[in-house]
């Protein structure tokens, strides 16, 4: 240990050590998940920064709505691969059977009449198919239609043989019957 301690700090060094980063480069030695949120904010890409500047010019408010409450969401917010399932070819014979069943079911006939007269906003017709809230298809009580739909939502390969709760959720998401 030295006999005497210095009375002041040593002079500041002339060389200032820095590492300059290129634009849009990310540090390779530090994983992003170990960084504090303010440090992550600094790593925003130039593209994100441009969007932030652009959106800052507008006066808007974001409001979260859970999926079930947001029944009128536009088509752009839905997954395209799920929409393709609804437009597949095998469904066309099914839809024609639904249309035929609507002409046979007395309750469906009365709902169609109310929809055509504009006396209900809960049901409407789209290309001859009776729909209700959430664009769910009304399944008439005719033949084995309802049983076939339950079987398709439970036993088919695309459904994956879910349990009772998930099968019911699949049915309630796309179909309606009283």
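In UniProt numbering, the protein residues as written are 1 to 178.
For glycine and all other residues, C-beta sits at the position ideal for the given N, C-alpha and C.
- One Cα belongs to residue 54, the other to residue 62, and the distance between them is close to 16 Å.
- With distances taken between CA atoms, residue 145 lies nearest to 176 out of 176, 51, 68, 67.
- Linking residue 139 to residue 67 through their CA atoms gives a straight-line distance of about 23 Å.
- Beta-carbon to beta-carbon, residue 128 and residue 147 are separated by about 23 Å, too far to satisfy the 8 Å threshold.
- When the Cα atoms are used, residue 167 and residue 173 turn out to be separated by approximately 10 Å.
- DSSP places residue 58 outside both helix and strand once states are collapsed to three, so it counts as coil.
- Fully contained in the stretch 121 to 167 are the following alpha helix (DSSP H) runs of length 4 or more, in chain order: 145 to 155.
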